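Participant:
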Amino acid sequence: MKTRKQPILPFLYKMVAAMLGLVAMFIVSLVFGAAEIEVKDVWAALTSGGDIESRSIIQEIRLPREVAAMVVGSALAVAGAIMQGMTRNPLADPGLLGLTAGANAMLAVALAFLPSANYFVMMVFCFLGAAIGATVVFGIGAMKKGGFSPFRIVLAGAAVSALLTAIAEGIGIYFKLSKEVSMWTAGGLIGTNWNQLQIIVPFILAGLVLALLFSKQLTVLSLNEEVAIGLGQNTKTIKPLLFIVVILLAGAAVALVGNMAFIGLMVPHIVRAFVGTDYRAIIPMSIIFGAIFMLMADTLGRTINAPYETPIAAIVSIMGLPFFLLVLRKGERAFS
Amino acid sequence: MNRLFTNDLNVSYDADLIVKELSIEIPDQQVTTIIGPNGCGKSTLLKSLTRIISPASGSILLDGKHISKENTKKLAKKMAILPQSPESANGLTVGELVSFGRFPYQNHFGRLSKRDYEVIDWALEVTGTIDFKYRQVDSLSGGQRQRVWIAMALAQESEIIFLDEPTTYLDMAHQLEVLELLKQLNIDQKRTIVMVLHDLNQAARFADYIVALKDGQVVKSGTCEEVITPSVLKDVFQIDAEIGKDPRTNKPMCLTYNLLKGDSNDENANSSYAYAISASY
């Protein structure tokens, strides 16, 4: 028989290996930074020992920051994976298709009109903005019967993103809020604190859990919508539900770090190389890989030019652009 | 009485009414073929029969129930669809793709049961694709790929299977292979097969029942002998056809044909020419 063997390494082992990688990366990210802190001091700080200075650096600065990096990485990676599955577009990414730009624009609106808004309200505005951005881009995509090619959708995404970013900047200039707006949207984890995390993390976790629960439905939907209906999937509820999950994840990520393109594009493609094309494997793996990826980018940003910070968005973009071109080149076969 | 039929079905696509006041009955455990010129509503009819498009008015009944009101998962156990040239399988292996045929039988988290695995292997076996089980669907040839999608539909264990032009993009040998597989499934397992075909002679050779459509309405339905006649073809395709008998199968066969004079300004006449040209087969 010409059969090729099933993959030898079961998915469970891959998950365990990825988890170990995440733990290792997490430790590395806590140890490295502008202030020199030894591994044993990190451990001491986490267990409430050690000297007060390293303890407060670890507990109040690095720890919340790395937790934020992880959840944002996971959120964007999973949002990207879901978008790629739903639209069968290998170039789908919340940053490229107008979701983060929409969230940014609404953030600017919130800063201008509700200056005293708390963190939760800001996040809700981010959700709204992400939904608006996505609706406009996919609305343009749906204008032609049969839909536009993936590349055209990305063009639409770029145009809509440019418009939304201009709106954000316009609001910033008009209301003399440029500094505040750009502080949010420049894309950074600087100054992340436990209060923000307490508000935002539950939403991201909820989004991730929903994504895991509906990962099988996503695989069925990714085959082709007609096939999904034929197999008895209720696409009229599954599609809006997945859309909401994407909005939750992308919106919450923007509320934490601002603009961040390419992670949602890159991580699912990297993950596919390890676990194949079933979203039941892609989603959990994207959660871990997204977290590892962001931790890595953040640690790099903090260390390559210490004590100055290199913006994480710049690091991610430098890594992301060649990847984008690679996916573009692979075109239709990018999923296999 | 047959299980599936429509009553005064109207289906529109965008603003256009594509299927008009259509009432047909699909005979159980037979092979039904829908034929007609481009744009006559064949695919639209198939899509509404399989609840992909909901009709504007009229009803589609399966086992006495409106399919629009039936639970979609329940329906998936009764009818399977193979859409026109399914896109790439996104890198799934043959075994993985066919396993999705068991989707309607699983609960939300459903893992495949022993019975599911048996059905999957059986479907791969019958369609002659078991040897490719661990290969990527996208790495197969067109004919093999089509058989894999049919295997997925078979794994659904539905009594009715719908196919929209299952032979498009296949060469002559592979076209025949797919159609013979379907006929075999119909004979051995009593599955009701409903398909849209472009090739009149293939329709005549493999169908027990033919529905000829034009402008969203039935011109004639019945056995091959009743439908594949010069007058019906004249009406449906605007062609002047010479009908003979296939010397091997004894089924009616379009030997040669011309466009009807005076009607050549009709767009349908031109397009049907291109497709009916496979009459040379």
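Sequence order for the protein chains is V and W.
Quick note: the first sequence uses the working numbering, first residue 1, plus one each step.
Quick note: the second sequence uses the working numbering, first residue 1, plus one each step.
Cβ coordinates follow ideal geometry from the N, Cα and C atoms, glycine included.
Keep in mind it's a predicted model, so treat the numbers as computed, not measured.
Find the residues of chain W that neighbour V/Gly80, judging by a C-beta separation of less than 9 Å, and give them in chain order.
Facilitator: Working through the first sequence from its first residue, we reach residue 80 of chain V at position 80. Residues of chain W with a Cβ closer than 9 Å to the Cβ of V/Gly80 do not exist, since the nearest Cβ in that chain sits about 15 Å away.
Participant: Name the two residues that bound the continuous alpha helix (DSSP H) containing W/Ala80.
Facilitator: Within the second sequence, residue 80 of chain W is the residue found at index 80, counting from 1. First-last for W/Ala80: Met79 to Leu82, but that is the beta strand (DSSP E), not the alpha helix (DSSP H).
Participant: Residues of chain W with CB under 8 Å from V/Leu265, in chain order?
Facilitator: Position 265 of the first sequence holds residue 265 of chain V. The premise fails here: V/Leu265 is roughly 16 Å from chain W at the closest Cβ pair, so nothing lies under 8 Å.
Participant: Please state if the CB of V/Ala250 and the CB of V/Thr87 are separated by a distance shorter than 8 Å.
Facilitator: Looking up residue 87 of chain V in the first sequence gives position 87. Looking up residue 250 of chain V in the first sequence gives position 250. For V/Thr87 and V/Ala250, no; Cβs fall outside 8 Å.
Participant: Looking at C-alpha atoms only, which residue of V/Ala206, V/Gly276, V/Phe32 and V/Val23 is the closest neighbour of V/Ala79?
Facilitator: In the first sequence, residue 79 of chain V corresponds to position 79, counting from 1. Nearest of V/Ala206, V/Gly276, V/Phe32 and V/Val23 to V/Ala79, Cα basis: V/Ala206.
Participant: So V/Ala101 is in the alpha helix (DSSP H); what residue range does that whole segment cover?
Facilitator: Numbered from its first residue, the first sequence carries residue 101 of chain V at position 101. Leu99 to Phe113 is the span of the alpha helix (DSSP H), which, as asked, contains V/Ala101.
Participant: Determine the extent of the alpha helix (DSSP H) in which W/Asn201 is found, giving its start and end residues.
Facilitator: Mapped onto the second sequence, residue 201 of chain W falls at position 201. Its alpha helix (DSSP H) spans residues Leu200 to Phe206.
Participant: With V/Met25 and V/Leu295 assumed to form a contact (beta carbons below 8 Å), what rounded beta-carbon distance in angstroms separates them?
Facilitator: As a position in the first sequence, residue 25 of chain V is number 25, starting the count at 1. As a position in the first sequence, residue 295 of chain V is number 295, starting the count at 1. V/Met25 to V/Leu295, Cβ: 5 Å. Contact.
Participant: Work out the CA separation of V/Ala166 and W/Leu62 for me, nearest whole Å.
Facilitator: Looking up residue 62 of chain W in the second sequence gives position 62. Looking up residue 166 of chain V in the first sequence gives position 166. Roughly 55 Å between the two C-alpha positions.
Participant: How many whole angstroms separate the CB atoms of V/Met122 and V/Ala313, which I take to be in contact at a CB cut-off of 8 Å?
Facilitator: Indexing the first sequence from 1 puts residue 122 of chain V at position 122. Indexing the first sequence from 1 puts residue 313 of chain V at position 313. 19 Å between Cβ atoms; not a contact.
Participant: Straight-line CA distance for W/Ile193 to V/Gly230?
Facilitator: Translated into positions along the second sequence, residue 193 of chain W becomes position 193. Translated into positions along the first sequence, residue 230 of chain V becomes position 230. Computed Cα separation, rounded: 15 Å.
Participant: Rounded to whole angstroms, how far is the Cβ of V/Ser317 from the Cβ of V/Phe262, which I believe are closer than 8 Å?
Facilitator: Here residue 317 of chain V refers to the residue found at position 317 when the first sequence is read from its first residue. Here residue 262 of chain V refers to the residue found at position 262 when the first sequence is read from its first residue. The Cβ separation is near 6 Å, so the contact holds.
Participant: Would you say W/Asn107 lies against chain V (beta-carbon separation less than 8 Å)?
Facilitator: Here residue 107 of chain W refers to the residue found at position 107 of the second sequence. Answer no: the Cβ-Cβ gap between W/Asn107 and chain V never drops below 8 Å.
Participant: Looking at chain V, is there any beta carbon in it that lies within less than 8 Å of the beta carbon of W/Glu96?
Facilitator: The sequence position of residue 96 of chain W within the second sequence is 96, counting from 1. Closer than 8 Å: yes.
Participant: Using a Cβ-Cβ cut-off of 8 Å, state whether W/Asn38 counts as contacting chain V.
Facilitator: Looking up residue 38 of chain W in the second sequence gives position 38. In terms of beta-carbon proximity, W/Asn38 stays away from the interface with chain V, with every pair separated by 8 Å or more.
Participant: Using a Cβ-Cβ cut-off of less than 7 Å, list which residues of the region 39-65 of chain W approach chain V; keep chain order.
Facilitator: Thr50, Arg51 and Ile52
Participant: So, with DSSP's three-state summary, where would you put W/Met152?
Facilitator: Taking the second sequence and counting its residues from 1, one reaches residue 152 of chain W at position 152. Residue state, collapsed to three classes: helix.
Participant: Measuring only the C-alpha atoms, how far is W/Arg191 from W/Gln184?
Facilitator: Sequence index remark: in the second sequence, residue 191 of chain W carries index 191 (1-based). Sequence index remark: in the second sequence, residue 184 of chain W carries index 184 (1-based). Distance between the alpha carbons of W/Arg191 and W/Gln184: 9 Å.
Participant: Need the endpoints of the beta strand (DSSP E) that W/Thr8 sits in, please.
Facilitator: In the second sequence, the residue the question calls residue 8 of chain W occupies position 8. Here the sequence assigns Asp to residue 8 of chain W, which means Thr is not the residue at that position. That run of the beta strand (DSSP E) goes Leu4 to Tyr13.
Participant: Within 10 Å of its beta-carbon, does W/Arg111 have 16 or more other beta-carbons around it, so buried, or fewer, so exposed?
Facilitator: Within the second sequence, residue 111 of chain W is the residue found at index 111, counting from 1. Answer is exposed; the Cβ neighbour count stays below 16.
Participant: Assign V/Ala130 to one of three DSSP states: helix, strand, or coil.
Facilitator: Position 130 of the first sequence, counting from 1, holds the residue named residue 130 of chain V. In the structure shown, V/Ala130 sits in a helix (DSSP, three-state: H, G or I).
Participant: With 7 Å as the C-beta to C-beta threshold (strictly closer), list the residues of the region 70-86 of chain W near chain V in chain order.
Facilitator: Thr72, Lys73, Leu75, Ala76, Ala80, Ile81, Pro83 and Pro86
Participant: In three-state terms, what does DSSP make of W/Lys69?
Facilitator: On the second sequence, residue 69 of chain W is found 69 positions in, with the first residue counted as 1. Reduced to three states, the DSSP call for W/Lys69 is coil.
Participant: Could you give the residue range of the beta strand (DSSP E) that holds W/Pro252?
Facilitator: As a working note, residue 252 of chain W is residue 252 in the second sequence. First-last of the beta strand (DSSP E) with W/Pro252: Pro252 to Leu259.
Participant: Taking 8 Å as the CB-CB limit, is W/Pro230 close to chain V?
Facilitator: Residue mapping note: residue 230 of chain W aligns to position 230 of the second sequence, counting from 1. No, no contact with chain V.
Participant: Can you tell me whether W/Gln189 is buried or exposed? The criterion is at least 16 other CB atoms within 10 Å of its CB, across all chains shown.
Facilitator: The residue given as residue 189 of chain W occupies position 189 in the second sequence. Classification of W/Gln189: exposed, given that the 10 Å Cβ count is below 16.
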